[in-house]
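A.B. asks:
Protein chains: 4
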Amino acid sequence: MSNNMFNEFLSSESVKLTVKQQRIVQAAIRLFAEKGYSNTSTAEIAKLAEVSEASIFKQYGTKDKLLLALIIPQFKEFFPSMADEVLGQLSRSQSTFEGFLREFLRNRIELALKNKEIFQIIIKELIYKEELKKELIPYIFEVAASRLTQVIELFKERGELTDIPTGKMLKSLFTFVGGFFASQFVLLNKESIDEQEIEDAVRFMLHGIGSSSSNN
Amino acid sequence: MSNNMFNEFLSSESVKLTVKQQRIVQAAIRLFAEKGYSNTSTAEIAKLAEVSEASIFKQYGTKDKLLLALIIPQFKEFFPSMADEVLGQLSRSQSTFEGFLREFLRNRIELALKNKEIFQIIIKELIYKEELKKELIPYIFEVAASRLTQVIELFKERGELTDIPTGKMLKSLFTFVGGFFASQFVLLNKESIDEQEIEDAVRFMLHGIGSSSSNN
Amino acid sequence: MSNNMFNEFLSSESVKLTVKQQRIVQAAIRLFAEKGYSNTSTAEIAKLAEVSEASIFKQYGTKDKLLLALIIPQFKEFFPSMADEVLGQLSRSQSTFEGFLREFLRNRIELALKNKEIFQIIIKELIYKEELKKELIPYIFEVAASRLTQVIELFKERGELTDIPTGKMLKSLFTFVGGFFASQFVLLNKESIDEQEIEDAVRFMLHGIGSSSSNN
Amino acid sequence: MSNNMFNEFLSSESVKLTVKQQRIVQAAIRLFAEKGYSNTSTAEIAKLAEVSEASIFKQYGTKDKLLLALIIPQFKEFFPSMADEVLGQLSRSQSTFEGFLREFLRNRIELALKNKEIFQIIIKELIYKEELKKELIPYIFEVAASRLTQVIELFKERGELTDIPTGKMLKSLFTFVGGFFASQFVLLNKESIDEQEIEDAVRFMLHGIGSSSSNN
DNA sequence: CATGAATGAGTATTCATTCAT
DNA sequence: CATGAATGAATACTCATTCAT
């Protein structure tokens, strides 16, 4: 039921997809997620979608553009909206950084689960296709990092975070969160993430595994 | 210059490769690392190696076996030897967990840098090829985890680590270290990792980003 | 001019073949008949048919299925219909076994000549491909033998045949008729069979070469 | 145990084959008989024979010459010797044509059984390879027919055969005997032929299946 | 004499894509 | 808008054959 992403894709472009077009999108998502873009042929997509191959090319021009048409709306959704939806409200409230982090993780996980297949495609192809990497990684840093920086600095002022430079913090958080999403959703193909796991992740990000006495 | 892994592969099998056969290996490594297994044709490998395609298949039988012949020796090298080389010595000494972690990271990073291309192939295909995933992930958990568990419990007894269950610790460390290697070597394609970055990673793993007063 | 079989094949499946598709069929028949299935490449077929190799595979999937698509309709035509067309009418009439045999041979020869190339393919591959052999020989025995048995027993009752067991008669007739078709159409590649030859064959099957006085 | 043919091949050429060379010959015979010349690769032969492919080509030059080296000695054995061994003695004796035919069939069947694989190869390739056909069929007619003609005419004079022209008789006998060998040894892959079957064949060739009263 | 190494030319089959209807 | 038909270029892989050692 990846209709969610699907609908978002629609609304953001205000395009009405016919039934056949929807079937193409859904078939492509399933196959790309499962076997990877390179190992999925347009013939397979057409067969699963029960349309002719020609219809796919009529709509999307090339296989590559089909991939982008699936990925990009979701990509935009996943990274930038981070701030607008979550940060905006929470940071101004009285909530702690821990609360923010928990909420932030929960929220992103929920979004990733709802669109797991697209999410898998993004990670797989981000790592696999040199060109995608070059286009999307800068985007991530620009958009996502800039907003998170504000939040981190806000909580730094409140004394909830150590005085490690914000850039380094971001890097560490990205590394961990990226590793978390990749391992949970791509490597392990998890269907759900339970609260405890979120809790453990938050705790690790905040305090690591060293005993408190060993702080320097 | 991934001759290092290459030589290890050789010695472990004590096979003498001819000059042309070496060129095949090197061409395959470069192309698989750069464009991914699925996007590299045997024709391209043959062309870069300046041999006939037939020679590739005479030696390796299938493209798949060629991939495995490149990956597996390095894979065995990277994961299990962790304990024997590094853990063995350090854990018995008077060194702290922080020292161990630092040394461990340094050591693995050095190994990964020496064989960066193979390393990139492993990560890319681990994520991309469902079958490889199913074969290699259990292996990682078995071999690598079992040895690290010993170390963690040793340092727990010494009071250097919090009382989080070892399994959770391992999971968090794997997540972070995996994210670290994937982002540094695959996404960012770094040629080197400076000391400061190692230091930051160690610090994050031990203490996170929360201020010490916020400990629970 | 093997259009005859070709049309029958068509009608039995009620598939409309495009001009190019017909050229594929005709090219495949010619080449398989001339050089044998194993010695004919799909590239050759495509070239002779003046289509792309891809077109062949779009239609038939594999080279093997192409062979079967050529062979099977004709095969079904050649063996079972034997009874329905020929036997049915003749056996009930006042005609002699000699008359029946002559008519039967004439009829099968005519059919084989009209589709000589397909016929050559069937015999060649029946002998050459172990798998085809296993599928088709039982079919021949089942379908063809069962109907001929009735005819032979009818004429036995009329006293026109010796009292050799029907099974043995059938075996001898099959051996001779099979040898006849194989030698005439495959080994000698005859374009026509004249009446005299049919007469000689009938005579041989009925009376052999011994002088009548030497009967036992 | 097709050593028999094998030895004859040796003696007729007075060549001593090394152990490896014998293994090549035996491997080739088995594989050609089983899967056909076209579907057997020199690599397979080399593997089964446990020699290098190069050795095969050192010995035989081409795959084609290897086939001929297997076929020709046996071919010469099967057809011409017919007369010398069998005809010579029998025809001059007081034996009947029936006795001759029985002995002749027995003798040829025995020879074919001893070298069944070679025999299968000959029939398969005779039918399959246009070139072989063109070389060998004239040979058969020349050599084999000429000798049998003498026998038939001898027995004709003795009144044991009808007055059908010798040529027609030969053709009919060839057709039946050819059909017999092809069906028994290639299609049905029989391991042995029992006496009764020989008896039935002889009877059919002499008297056919018509009742004696129906003679003209 | 025997072979490991190497290959040019195929081999069946797949691919993304185009276009007339 | 949708598709059946068609394909050039590739794809992984095989083949019979050569040659230096």
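Protein chains in written order, with the UniProt record's numbering: chain A, 1 to 216; chain B, 1 to 216; chain C, 1 to 216; chain D, 1 to 216.
C-beta atoms are modelled at their ideal positions from N, C-alpha and C, and glycine is treated no differently.
Everything numeric in this text was worked out from a predicted model, so none of it was measured.
(1) Using CA coordinates, which residue listed in Ser-212/A, Phe-204/A, Val-202/A, Lys-124/A is at the minimum distance from Val-186/B?
(2) Ordered along the chain, which non-local residues of its own chain (more than five positions away) have a Cβ less than 7 Å from that of Arg-102/D?
(3) Please decide whether Val-186/D counts as near chain C, where near means a Cβ-Cβ distance under 7 Å.
(4) Taking only beta-carbon positions, decide if Gly-99/C is within less than 7 Å of chain D.
(5) If you compare alpha carbons, which of Ala-33/C, Glu-117/C, Ile-127/C, Tyr-60/C is closest to Gln-21/C?
(6) Express the C-alpha separation of Leu-66/D and Glu-44/D in angstroms, rounding to a whole number.
(7) Going by C-alpha distance, which of Leu-161/C, Ile-109/C, Thr-42/C, Asp-163/C is nearest Gly-179/C?
(8) Buried or exposed: which applies to Phe-75/A, given that a residue is buried once 16 or more other Cβ atoms fall within 10 Å of its Cβ?
(9) Whose C-alpha, out of Val-143/B, Lys-63/B, Phe-141/B, Ser-192/B, is nearest the C-alpha of Leu-111/B?
(10) Going by Cα to Cα distance, which pick from Arg-23/C, Lys-171/C, Lys-16/C, Thr-18/C is closest to Ala-144/C?
(11) To test your reading of the DSSP string, which unbroken beta strand (DSSP E) runs of 3 or more residues are found completely within the stretch 153 to 183 of chain D?
(12) Pick out whichever of Lys-114/A, Phe-78/A, Ala-27/A has its Cα sitting closest to the Cα of Lys-190/A.
(13) Considering only residues of the same chain and omitting the five flanking positions on each side of Ala-182/B, which have a CB-CB separation below 7 Å?
(14) State the start and end residues of the unbroken alpha helix (DSSP H) segment that holds Ser-55/B.
(15) If Leu-70/D sits next to Ile-118/D, beta carbons under 8 Å apart, how far is it from one beta carbon to the other, in whole angstroms?
(16) If we count the other Cβ atoms within 10 Å of its Cβ and call it buried at 16 or more, is Thr-40/A buried or exposed?
(17) Using the Cβ count rule (16 or more neighbours within 10 Å means buried), how would you classify Ala-33/D?
(18) Thinking C-beta only, is Asp-194/D closer than 7 Å to Lys-168/C?
(19) Looking at chain A, is there any beta carbon in it that lies within less than 7 Å of the beta carbon of Ile-198/B?
(20) Could you pull out every residue in the same chain whose Cβ sits closer than 6 Å to the Cβ of Phe-155/C, ignoring the five residues on either side in sequence?
(21) Tell me which same chain residues have a C-beta within less than 6 Å of the C-beta of Phe-78/A, skipping the five on either side of it?
(22) Please compile the residues from chain B whose C-beta is within a distance smaller than 9 Å of the C-beta of Asn-115/A.
(23) Do Leu-136/D and Gly-208/C come within 7 Å of each other at the CB atom, strictly closer than that value?
(24) Considering only DSSP beta bridges, list what Gly-210/A is partnered with.
(25) Go through its chain and collect everything with a Cβ distance to Gln-184/C's Cβ below 7 Å, but skip five positions before and after it.
(26) Identify, in the order they occur along the chain, each residue of the same chain with its Cβ nearer than 8 Å to the Cβ of Asn-7/D, setting aside the five sequence neighbours on each side.
(27) Within 10 angstroms of the Cβ of Ala-28/B, are there 16 or more other Cβ atoms? Answer buried if so, exposed if not.
(28) Please report the distance separating the alpha-carbon of Ser-212/B from that of Phe-204/B.
(29) Are the C-beta atoms of Gly-208/C and some chain D residue less than 7 Å apart?
(30) Rounded to whole angstroms, how far is the Cβ of Thr-149/D from the Cβ of Thr-166/D, which I believe are closer than 8 Å?
(31) Run through DSSP, which three-state label would Ile-71/D get?
(32) Return no unless some Cβ of chain B is closer than 7 Å to the Cβ of Ser-52/A.
(33) Beta carbons nearer than 9 Å to chain D: which residues of the stretch 49 to 80 of chain C have them?
(34) Could you work out which residues of chain B lie near Glu-191/A, taking near to mean beta carbons separated by less than 9 Å?
C.D. replies: This is what the structure gives:
(1) As a position in the second sequence, residue 186/B is number 186, starting the count at 1. Of the listed residues, the one whose Cα sits closest to Val-186/B is Lys-124/A.
(2) Counting from one through the fourth sequence, the residue named residue 102/D turns up at place 102. Ile-198, Val-202.
(3) The residue labelled residue 186/D in the question sits at position 186 within the fourth sequence. So, interface residue.
(4) By one-based count along the third sequence, residue 99/C stands at place 99. Not one beta carbon of chain D lies nearer than 7 Å to the beta carbon of Gly-99/C.
(5) Here residue 21/C is taken as the residue at index 21 of the third sequence, counted from 1. Checking every option, the nearest Cα to that of Gln-21/C belongs to Tyr-60/C.
(6) Reading the fourth sequence from its first residue, position 44 is the one you call residue 44/D. Reading the fourth sequence from its first residue, position 66 is the one you call residue 66/D. Spanning the two alpha carbons is a distance of roughly 14 Å.
(7) Here residue 179/C refers to the residue found at position 179 of the third sequence. Looking from the CA of Gly-179/C, the closest CA among Leu-161/C, Ile-109/C, Thr-42/C, Asp-163/C belongs to Ile-109/C.
(8) Locating residue 75/A in the first sequence gives position 75, counting from the first residue. With 16 or more other Cβ atoms within 10 Å, it is buried.
(9) In the second sequence, counting from the first residue as 1, residue 111/B sits at position 111. It is Ser-192/B.
(10) For the purposes of this step, residue 144/C is identified with residue 144 of the third sequence, where counting begins at 1. Residue Lys-171/C is the option with its Cα nearest to Ala-144/C.
(11) none
(12) Position 190 of the first sequence holds residue 190/A. When only C-alpha atoms are compared, the closest one is Lys-114/A.
(13) Looking up residue 182/B in the second sequence gives position 182. Closer than 7 Å at Cβ, skipping near neighbours: Ile-123.
(14) As a working mapping, residue 55/B is identified with position 55 in the second sequence. From DSSP, the alpha helix (DSSP H) with Ser-55/B extends over 53 to 60.
(15) The count along the fourth sequence starts at 1 and reaches residue 70/D at position 70. The count along the fourth sequence starts at 1 and reaches residue 118/D at position 118. At roughly 6 Å, the Cβ-Cβ gap stays under 8 Å, so Leu-70/D and Ile-118/D are in contact.
(16) For the purposes of this step, residue 40/A is taken as residue 40 along the first sequence, with counting starting at 1. Thr-40/A comes out buried.
(17) One-based indexing of the fourth sequence puts residue 33/D at position 33. Burial call: buried.
(18) One-based indexing of the third sequence puts residue 168/C at position 168. One-based indexing of the fourth sequence puts residue 194/D at position 194. Result no, Cβ atoms of Lys-168/C and Asp-194/D do not sit closer than 7 Å.
(19) Working through the second sequence from its first residue, we reach residue 198/B at position 198. No, Ile-198/B lies away from the interface with chain A (no Cβ there is under 7 Å from its Cβ).
(20) Numbered from its first residue, the third sequence carries residue 155/C at position 155. Contacts found: Phe-97, Leu-161.
(21) The residue you call residue 78/A lines up with position 78 of the first sequence. Counting only Cβ-Cβ distances below 6 Å, and skipping sequence neighbours, we find nothing.
(22) Reading the first sequence from its first residue, position 115 is the one you call residue 115/A. Within chain B, no residue comes near Asn-115/A; the closest Cβ sits about 18 Å away, beyond 9 Å.
(23) In the third sequence, residue 208/C corresponds to position 208, counting from 1. In the fourth sequence, residue 136/D corresponds to position 136, counting from 1. Not closer than 7 Å, so no.
(24) Here residue 210/A is taken as the residue at index 210 of the first sequence, counted from 1. Partner(s): Leu-161/B.
(25) Counted from its first residue, the third sequence places residue 184/C at position 184. Around Gln-184/C: Lys-190, Ile-193.
(26) Indexing the fourth sequence from 1 puts residue 7/D at position 7. Legend: pLDDT at Asn-7/D = 36, less than 50; position of this residue unreliable, no value from coordinates given.
(27) In the second sequence, counting from the first residue as 1, residue 28/B sits at position 28. Buried, because 16 or more other Cβ atoms sit within 10 Å of the Cβ of Ala-28/B.
(28) Reading the second sequence from its first residue, position 212 is the one you call residue 212/B. Reading the second sequence from its first residue, position 204 is the one you call residue 204/B. Distance between the alpha carbons of Ser-212/B and Phe-204/B is about 13 Å.
(29) Here residue 208/C refers to the residue found at position 208 when the third sequence is read from its first residue. True, the Cβ-Cβ gap to chain D drops below 7 Å.
(30) Reading the fourth sequence from its first residue, position 149 is the one you call residue 149/D. Reading the fourth sequence from its first residue, position 166 is the one you call residue 166/D. So it is a contact: roughly 6 Å between Cβ atoms.
(31) Along the fourth sequence, read from residue 1 onward, the residue named residue 71/D stands at position 71. Reduced to three states, the DSSP call for Ile-71/D is helix.
(32) Within the first sequence, numbered from 1, the residue matching residue 52/A stands at position 52. By this cut-off, Ser-52/A is not an interface position.
(33) none
(34) Position 191 of the first sequence holds residue 191/A. By Cβ distance, chain B contributes nothing, its closest Cβ being about 16 Å from Glu-191/A, past 9 Å.
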